[in-house]
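Here full-length UniProt numbering is used: the first residue of the sequence shown is 1, the next is one more, and so on.
Backbone N, C-alpha and C fix where the C-beta goes; we use that ideal spot for every residue, glycine too.
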Amino acid sequence: MANNERSSRRGTKPSQTFNKLASKSPSKDGDGHSLEDKVNEQAEEEPCPPWAEKIIQEITSVQEKINIHLPTIQATTARIESELASLTNCITTAEQRISDVEDKLSPISESHKTLESQVDQLSQKVDYLENYSRRNNLCIVNIAENMEGSDIKVFATNLLKTALDIPADQPGPELERAHRVGPPRDSNGKPRPIIIRLLRFQDKENILHASRRKGELSYKSRRFFIFQDYSVTVSQRRAEYNPIKTALHHALTWADVI
């Protein structure tokens, strides 16, 4: 019996013991304090463990640091929010302006395409008219500077008669005018080409055919060349075919050899 009673006492929890004491004892003592209040006061008077005090100190230190820096953090956050709101307004304004510009740009872009097409058509017409105005022109290349003397028109007429073997008793091609292209150059430099304008288109064609038949033209032991006078645009387009013409020339030369 005694052992059983001891075992039952050992297995009793503190809360159960407190409840038993509270049920057996009066609710208040002579001072008017309840037993529960006395138990709480006794618990408060007990010393706190060192590890708990250390945790409390660390928490207190962190809280103090937060309290010190909190006003600065709040001020910085408020400033960032203000700047962010300002940037948002700026972005909204910029987006609206970009949208307005795009709306205005759309008809301008269409107008630009139309104008670009018109400019291209006009350029083609101008180039055609320029080449048409040069239809009676020829370009003579590699005639030394100052060889023409004082009258380049007479010199060009005699040059063509001599180079193309036109009899002396026959009149040479009739020229409207003749001149060199560009400013004067040094006598040691590359000579300027001579542009001649014939009175009749047929004379120009006859000179070109005669120069092709003869092959190599020379004047006073100096080789020269005769070309048709084209605009810059047409000359560039014709120059794109030079590799093909060179290849065909070599092919025909080898065919004649074989």
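In the structure shown, Gln124 adopts helical secondary structure according to DSSP, grouped into three states. Apart from sequence neighbours up to five positions away, no residue of its chain approaches Ala247 with a beta-carbon distance below 6 Å. The beta-carbon distance between Glu148 and Arg192, rounded to whole angstroms, is 11 Å. This is too long to meet the 8 Å contact definition. The beta strand (DSSP E) runs lying completely inside the segment 122-207 and spanning 3 residues or more are 137-141, 175-180, 194-198, given in chain order. In the three-state reduction of the DSSP assignment, Ser221 falls in the coil class, being assigned neither a helical nor a strand state.
By the CB criterion at 7 Å, Asn137 and Arg197 fall inside the cutoff. Here Ile226 is bridged, per DSSP, to Ile140. If you look at Ser235, you'll find it in the alpha helix (DSSP H) that goes 232-239. Distance from the CA atom of Val101 to the CA atom of Ser117, rounded to whole angstroms, is 24 Å. Of the candidates His249, Thr88, Ser235, Ala78, the residue whose Cα lies closest to the Cα of Tyr128 is Ser235. Look at the beta carbons and you see the segment 170-189 not touching the segment 212-223: under three pairs across the two are nearer than 8 Å. Contact check for Pro173 against Leu160 passes: the beta carbons are separated by less than 7 Å. Taking the Cβ atoms as the reference, Phe201 lies roughly 6 Å from Arg135, within the contact range of under 8 Å.
In this structure, Ile207 sits away from Ile140, with a CB-CB distance that is not shorter than 7 Å.
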